[in-house]
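For reference, the structure discussed in these notes is given below.
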Amino acid sequence: MKKQALLELAHQARTYAYAPYSHFQVGAALLAKSGNVYTGCNIENAAYTPGNCAERTAFFKAISEGEREFTAIAIVGGPEGKQPDGICPPCGVCRQVMMEFCDPELFEIVLEDSGKEMRTFLLKEILPYGFGPDNLI
Ligand code: THU
C-alpha cells in the first residue's frame, strides 16, 4: 500500500471522529505487515479522561484482531468542519503505544502538512531514547 493511499484512508476515518468536546477531529490508518489496514478516529467522552486518540483506536483494533507487526501509520487531524491544514503529530501516549509494537528504526509515521505535502518520520525521530519491551530484557 502506498503512503498516499494510507493518508486517504486516514481522511476517511476522520469523518467518523466523535469529538463533541474539543471539536478537533483526527483520523488514522495503520498498515500491518500482513498488508491489512486498521483505521481509527478519536472518541471523546463526557467524563473527558476516557477519551481515546485516533492512533490508539487503530492500534487496539489491530492488536485485538491478532496483528503484532506494523509498517506505518498515517494521521490527519484538524478542527471540525475544515480540511486539516498542517501536521497532526501523535501525542506522547500514542508514541509510547507505537513503541510497544513497532521497531523505532523502521516504523513510519506519515503526516500531511499544509498544501497536502506528505511528511514522513521514523518512530525513533519522534520518540528518541524511547522505553520499550527490549528495556525489560
Ligand atoms: N487527538 C488524537 O486523536 N490524536 C492526536 O494525534 C492528537 C490528539 C485527539 C484527542 C482529542 O480527542 C482531540 O484530538 C483534541 O486533543
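The sequence shown runs contiguously to residue 623 in the working numbering.
For each residue, glycine too, the CB sits at the ideal point set by N, CA and C.
Per DSSP, the continuous alpha helix (DSSP H) segment holding Ala499 begins and ends at 489–500. Collapsing the DSSP output to three states places Phe545 in a helix. Between the ligand THU and the CB of Ile561, the shortest heavy atom gap is smaller than 7 Å. By the neighbour-count definition (other C-beta atoms within 10 Å, threshold 16), Thr535 is an exposed residue. Ile561: member of the beta strand (DSSP E) spanning 556–565, first to last residue.
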